[in-house]
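Each residue of the first sequence is one higher than the last, beginning at 124 in my numbering.
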Amino acid sequence: MLELSRIRTDKKQVIAALSKRNINAESTINELLNLDVQWRRVKQELDGTLEEANRMAKEIGQCYKEGRVDEGNALKQQTTLLKKKEGELKGESEALESAILHMLYQIPNTPFQEVIKGKDLNDNQVVFQSGKAPLFDFEAKPHWDICKEKQIIDFELGVKVTGAGFPFYRGKGSKLQRALISFFLDEASAAGYEEYQAPLMVNEESGIGTGQLPDKEGQMYHDSTDNLFLIPTAEVPLTNIFRDELIQQPDFSYKLCGYTPCFRREAGSYGKDVRGLNRLHQFDKVEIVRIEHPDHTANALEEMVEHVKGLLDKLELPYRVLRLCGGDMGFASAMTYDFEVYSAAQEKWLEVSSVSRFDTFQANRLKLRFKDHDKKTKLCHTLNGSALALPRVMAALLENNQGADGRISIPAALKPYTRFDYI
RNA sequence: GGUGGGAUGGGUGAGAGGCUGAAACCAACAGUUUGCUAAACUGUCGUACGGGUAACUGUACCGCGGGUUCGAAUCCCGCUCCCACCGCCA
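As structure tokens, this is what we get:
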């Protein structure tokens, strides 16, 4: 959620930034500021009324103490009028406040200066590219065929036991999953991220803290008996560790990572791109999360990008890095780099990681603040990224590393983890 | 599931209708002094929002939501969460 004070002071800049998302926020912002003016007027009047009531209450107490009972009773009479006024103003103020909050919830984050205006994924900028797609002198198979043949991932069995999008991993498929998780976690630890095992369910406050709630609850699985939500990403529990925290020094930097399964309802996304591992309701991911001083955000983001590049390099996968245009960025993001791996058999790019800076957008909702050098309390910056999401990495490994003999070779970096060289 | 106890500032924790935005201690910050990886002393020190260029000032907040009262951290009701013991289960 954007800071209201910023919208007040930098209205033009906010509207200009939001236009990069291809949305015209001017009327919304004007309406918001209009409500804000009203709210502040009511707030002033309410505060004044309360002040008077407080003063009178003290006076009445004084009267009784000194035995001036009649005087006290007379004053009491007067308070009834004040109380009526107070009640009315309170109602007005609360209504305005909730209207303002409701509007703020619906305004996405302002894109950072480097982000270009754009409509959709076609306007994203490729900022880095690495590796070459393998050339096959045979008919390369898509991963869903490989999985079936080698009995390493069973989608139909998942349908039987749970439903579409909940596959079983078997044998070497299961071991490869485990190897990837361990590899990613070890790499993150080596880069200074503290490893966490997080709860897979979160409460409502946490959902609000990272922005899944209130508007996007349809994307999460919900247990209504206990009002808990299955996490769509480890970002939710890991970032909410810091909810309602006030960090006392300005020289902080928190780097955490965690492996979790992720659960996504993916309501409304059917049709293309859902085949095999491309889109699942349950998948595994190692997430990295950082809480930083605003001065260090740019640097932290670059570090995270380098970290993810390192992972893909070690896995020997051809990939590219995109800086998303305004129109393709997530709601809470100020700038996002997407990592896409090229799958030779499917002949397309598969997104395997998304690394974003949120600046104060999440921290504002989380009430995550710190004391700066100037002793002022300010909002922290949050960042996160996938490092990495497993299914599409798996798909790319299976598809790109298939040989003419039908075997899938395991990249050298993974062999210590799989303890087999081929599937 | 049952019974009992609890939730107060960055932390520990006192307060039990007006003298309490809240003792004390710890932490933090600033200064003084002695000098040696630090101690002692003094001072400052909650958050959010509004008004004000500012000094400052007003309001709200003692888990959350209601109620009683001129006045609530304090009394009453509901809820949530935590802790302990018992039961059940991993």
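Where is the CB? At the ideal position from N, CA and C, for every residue including glycine.
Values in this document were obtained by computation on a predicted structure and should not be read as measured data.
Going by the beta-carbon positions, is the gap between A263 and Q525 smaller than 8 angstroms?
-> In the first sequence, counting from the first residue as 1, residue 263 sits at position 140. In the first sequence, counting from the first residue as 1, residue 525 sits at position 402. Judged by beta-carbon spacing, Q525 lies within the 8 angstroms limit of A263, meaning their Cβ atoms are closer than that value.
Among residues of its own chain, excluding the 5 on either side of L438, which ones have a beta-carbon nearer than 6 angstroms to its beta-carbon?
-> Here the question's residue 438 lines up with position 315 in the first sequence. Only P534 meet the Cβ criterion.
Just how far apart, CA to CA, sit L280 and S456?
-> For the purposes of this step, residue 280 is taken as the residue at position 157 of the first sequence. For the purposes of this step, residue 456 is taken as the residue at position 333 of the first sequence. Each residue's alpha carbon lies about 37 angstroms from the other.
Taking three-plus beta-carbon pairs below 8 angstroms as touching, is the stretch 314-330 in contact with the stretch 514-523?
-> By the C-beta criterion, the stretch 314-330 is judged not to be in contact with the stretch 514-523, since fewer than 3 inter-stretch pairs fall below 8 angstroms.
Could you pull out every unbroken alpha helix (DSSP H) segment of at least 4 residues lying fully inside the stretch 127-179, listed in chain order?
-> Complete alpha helix (DSSP H) runs here, min 4: 127-132 and 134-142.
Determine the direct distance from the alpha carbon of R492 to that of K501, and round the result to whole angstroms.
-> Mapped onto the first sequence, residue 501 falls at position 378. Mapped onto the first sequence, residue 492 falls at position 369. Rounded to whole angstroms, K501 to R492 spans 5 angstroms at the Cα level.
Within 8 angstroms, strictly: CB atoms of R293 and D277 | Taking the first residue of the first sequence as position 1, residue 293 is located at position 170. Taking the first residue of the first sequence as position 1, residue 277 is located at position 154. Yes, the Cβ-Cβ distance between R293 and D277 is below 8 angstroms.
Where S509 and S297 are concerned, what is the direct C-alpha to C-alpha distance, given to the nearest angstrom?
-> As a working mapping, residue 509 is identified with position 386 in the first sequence. As a working mapping, residue 297 is identified with position 174 in the first sequence. Distance between the alpha carbons of S509 and S297 is about 20 angstroms.
Is DSSP giving D482 helix, strand or coil here?
-> The sequence position of residue 482 within the first sequence is 359, counting from 1. It is a strand residue.
Let me know the secondary structure DSSP gives C448 once reduced to three states.
-> Working through the first sequence from its first residue, we reach residue 448 at position 325. Here C448 carries a coil assignment [DSSP, helix/strand/coil].
Cβ atoms of E310 and L434: under 8 angstroms apart, would you say?
-> For the purposes of this step, residue 434 is identified with residue 311 of the first sequence, where counting begins at 1. For the purposes of this step, residue 310 is identified with residue 187 of the first sequence, where counting begins at 1. In contact: L434 and E310 (Cβ atoms closer than 8 angstroms).
What residues in its chain sit with their C-beta under 6 angstroms from that of F291, if we drop five residues either side in the sequence?
-> Counting from 1 along the first sequence, the entry for residue 291 is found at position 168. D277, L280 and G281.
Starting from H430, follow the alpha helix (DSSP H) in both directions and report where the run begins and ends.
-> Mapped onto the first sequence, residue 430 falls at position 307. Note, H430: alpha helix (DSSP H), T420 to K437.
Among L537, S477, H404 and G399, the one whose alpha carbon lies nearest that of I275 = Reading the first sequence from its first residue, position 152 is the one you call residue 275. Among L537, S477, H404 and G399, the Cα nearest to that of I275 is on G399.
Per DSSP, P384 forms a beta bridge with which residues?
-> Counted from its first residue, the first sequence places residue 384 at position 261. Beta-bridge pairing links P384 to D407.
In angstroms, rounded to a whole number, what distance separates the CA positions of T356 and H225?
-> Start at 1 with the first residue of the first sequence, and residue 356 comes out as number 233. Start at 1 with the first residue of the first sequence, and residue 225 comes out as number 102. Cα to Cα, the separation comes out at about 25 angstroms.
Other residues of its chain near C385: CB distance less than 6 angstroms, five sequence neighbours each side excluded = Your numbering for residue 385 matches position 262 in the first sequence. Cβ within range, chain order: P355, T356, F406 and K408.
Alpha carbon of E415 to alpha carbon of A423, nearest angstrom | To locate residue 415, count along the first sequence from 1; it is residue 292. To locate residue 423, count along the first sequence from 1; it is residue 300. The C-alpha of A423 is placed about 8 angstroms away from the C-alpha of E415.
Take C503 and list the residues in its own chain whose beta-carbon comes closer than 6 angstroms to its own, dropping the five residues that flank it on each side.
-> The residue given as residue 503 occupies position 380 in the first sequence. Only I414, A486, L491 and F493 meet the Cβ criterion.
Under the three-state DSSP convention, the category R530 falls into = For the purposes of this step, residue 530 is taken as the residue at position 407 of the first sequence. Coil, per DSSP.
Grouping DSSP H, G and I as helix and E and B as strand, with all else coil, what is F543?
-> As a first step, residue 543 must be located in the first sequence, where it is residue number 420. Looking at F543 - three-state DSSP - the assignment turns out to be coil, as it is neither helix nor strand.
Would you tell me roughly how many angstroms separate the C-alpha atoms of A467 and Y442, rounded to the nearest one?
-> The residue labelled residue 467 in the question sits at position 344 within the first sequence. The residue labelled residue 442 in the question sits at position 319 within the first sequence. Each residue's alpha carbon lies about 11 angstroms from the other.
Classify T362 as buried or exposed, calling it buried when 16 or more other Cβ atoms lie within 10 Å of its own Cβ.
-> Start at 1 with the first residue of the first sequence, and residue 362 comes out as number 239. Residue burial annotation: T362 is buried, with at least 16 other C-beta atoms found within 10 angstroms of its C-beta.
Which residues in the same chain have their Cβ closer than 7 angstroms to the Cβ of E215, if we skip the five residues on either side of it in sequence?
-> In the first sequence, residue 215 corresponds to position 92, counting from 1. Excluding residues within five positions, the ones whose Cβ falls inside 7 angstroms are V165.
For V249, the first and last residue of its enclosing beta strand (DSSP E) = Counting from 1 along the first sequence, the entry for residue 249 is found at position 126. First-last of the beta strand (DSSP E) with V249: Q248 to S253.
Evaluate the contact criterion for the stretch 176-187 versus the stretch 251-262: three or more CB pairs, one atom per stretch, below 8 angstroms.
-> With the rule of 3 Cβ pairs closer than 8 angstroms, the stretch 176-187 does not count as touching the stretch 251-262.
Report the three-state DSSP secondary structure of V284 (helix, strand or coil).
-> As a working note, residue 284 is residue 161 in the first sequence. Three-state result, V284: helix.
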